[in-house]
Each structure stands twice: as C-alpha cells, then as structure tokens.
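The sequence shown lines up with residues 1 to 326 when you count with our numbering. Below is one structure, written out as structure tokens; the observations come after it.
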Amino acid sequence: MDGTTEAFLGVCRSHARHGTTRLLATSTVAPDRLIHRFLNKAKSLVNQPTGGARIPGVHLYGPFFAPSAKGCHPSDGLVNPSECEFRSMLDPAVVRTASVAPELPGAEEFAKACMESGVRLNLGHSHATFHQVEQAVAWGARHVDHLFCAMSDRARLRQLQTYPMRGGVMEATLCLDALTTEVIADGRHLADELLMLAYKIKGPGNLALVTDAMRAMDCPDGPAVFGPMELGEVVIKRDGVGLTVDGKALASSVSGMDQGFRTMLRATKAPPHLVARMASLTPARVAGLDSTIGSLEVGKKADFILMDSEWSIRETWVEGGLVFKA
Ligand SMILES: [Zn+2]
C-alpha cells in the first residue's frame, strides 16, 4: 500500500523466499486516493519480472468491509459501496478479485459491476446471515476470504434474534458448494481442529491456503505499520503473528506459504500432494489463472519450488528462472 516500486518488489522477493511464485497484491482499507495509487503502481508491474514472485493482478481488499467485522483495519477508511465511486477501481487490466461484505448498502450493485468488468467476487469481513450469503452467490460471489476470521456464525447471530438459531457466513461457506474458501494456516490464527474441519468439509479442490501476511514478515519482533506507511496504523509482531497494540486481537499473519504448507500437513495429516494443491492449483483456480499456472503441465508457465525433507524452501523458480536459492 506504500505505492512504490521498491515496496512491491520487496513483497515479491520476501514471498519468493517462502516458496510463492505468483501472488495477488492485496490492498487494505484506505482512502480512495491511496487505493488508486496502489492500483496504478500494481498495473505497471502486472506479469513483469520482480526478482521474486510475479503479480498477475491485485485483490481489491477493502474498503467495503462491515464495520463490526473490520478486524484490525482502521475504521476511517471503511465505506459502503453505495457511497463510493467504485467503478473506477474495477479496472480489469489489474483487478482480478474484489471483496465485499454482502450486507452493506450497494453490495449488489458492486457485485454487478464486478461481473460486468470480469472481476471475481469474494465475500469477506462480514457479519451477514446465511441467507444474505446465498443472495450474494446469486449475484456471482464464488469465494470467501479467510474462513473463520472476521465473519459471522450461529453464536454471533444469536445475539440479534432469540430463535430460530441461524447460520452466518461461516456456516454458509462450509455448506454451499458454489463457494471456495481459504484458511490462514500460520498455526497462530486457527487451531489445528479448525484447519481439519475446513479441509474435511471443503476438500483440497475448494480450500486454498493464504498467507494474509503483512509487512512484518521476516522482520524482528516489535511494532510495524499495517497498510500505507502514511496512515501509521501500528500493529505488533510477536509470537509468530501480528497483534493489535493491546495484544487482544489478531492483526494478520507474519509468515509465508511454506509455514502454511507445514502447518496444514501437520493439522490434517493429508498427503503432501494434496496440501501442495491447496497452495498451488486451488488458489490458481480461485483467481481464474489455472489455465496458465498452478500445476506442472505442458504449456503452463514453469513455476516450481524445491523443498527439503523438513519442507523448507531450497529453491524457487518463476517462469523458468531461479529467483531464490537457500
Ligand atoms: Zn482480512
């Protein structure tokens, strides 16, 4: 979100050390001008060599989050789609996926604009009901951001209505076959049983691993700015995770895809090739890129990694070129 070439290249190179070959550069909640700065810079780097992972496009993530489900994102930048000139943000040359909380005013119009622009629609940071998620699927939503994190469930919705008990985003995501989802498998956000539950219900073809990492990855413990530098929203890196300053809430992850792979392998006891699929082909499909990346096949890009017997990254190759060697 700093909007500089150096910042983008730094992210791409850090993630390559952890075995990522392609990533959707992901925005955070911020004022319009900073989101446009981010989009412009990302557009100039789409599919370009970076010395690390390449950027096939961006995930427009925020500002359309529900205030009650904003997590560590700052409240000032949050906005309803109905109050925002979002069409100028949905440039199909750079935006591949966009997130919205479906209960917000204007969410349906936003979904419609995404479909018209060929942008894939995710649901996230939402306290919607099961029914509202079903409606959003009818609008074209096909993926839900970080399962279990910043979303409604039966227990939360019960505070609003005595009976019947209702399902929320969590239950809808697990139940609806139309929706793929993802887990932050850093071993800090979610206990092993939740990773197991997600794997068991969605399966390796519909569950992706996501790093959700912020700038403190590969940095020493201590304070770090979350989002654009000039907004100065401080979070703390401690105990292998990002935390809010008071230490009471999670504030994104600080680890890469290798950590996610190892955690998922341990938690699910799934065979390594199925865990690898959740870190490669499944996310490629979620991003609509599985015809060119995501698996080793004749005609696809030569993206691959080499791991050792401890599942640490030895080498990362992008489009036939070595970008990292341990
Ligand atoms: Zn989030």
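In this text, a Cβ means the ideal position worked out from N, Cα and C, and glycines have one as well.
Three or more Cβ pairs closer than 8 Å define a contact, and the segment 232-243 meets that threshold against the segment 184-201.
Listed in chain order, the alpha helix (DSSP H) runs fully inside the segment 139-213 are 154-158, 169-175, 192-202, counting runs of at least 4 residues. In this structure, L9 sits away from G57, with a CB-CB distance that is not shorter than 7 Å. In this structure P105 is not in contact with S126, their Cβ atoms being roughly 13 Å apart against a cut-off of 8 Å. Taking the Cα positions, R13 is about 15 Å away from D303. Taking L45 as the centre and dropping the five residues before and after it, the same chain places the C-beta of F8, I55 closer than 6 Å to its C-beta, in chain order. Going by C-alpha positions, L209 is about 9 Å away from M264. Distance from the Cα of L322 is smallest, within the candidate group E83, G51, L207, for G51. For the options K202, S280, S68, S309, the alpha carbon positioned closest to that of S152 is the one of S68. A distance of 7 Å or more separates the beta carbons of N122 and D91. K237 places its beta carbon 7 Å or farther from that of V225.
Taking one beta carbon from each stretch, the segment 186-205 and the segment 215-225 have fewer than 3 pairs nearer than 8 Å; the two do not touch. The beta strand (DSSP E) runs lying completely inside the segment 32-58 and spanning 3 residues or more number zero.
Under the DSSP assignment, A16 falls outside any beta strand (DSSP E), being part of the alpha helix (DSSP H) whose first and last residues are 5-17. Beta-bridge partners assigned by DSSP to K237: G222, G242. DSSP, reduced to helix, strand and coil, places K325 within a strand of the structure shown. For the set G227, S309, E230, V318, the Cα lying nearest the Cα of T292 is the one of V318. A284: member of the alpha helix (DSSP H) spanning 281-286, first to last residue.
With respect to the 7 Å criterion, A16 and F261 are not classified as neighbours on the basis of their beta carbons.
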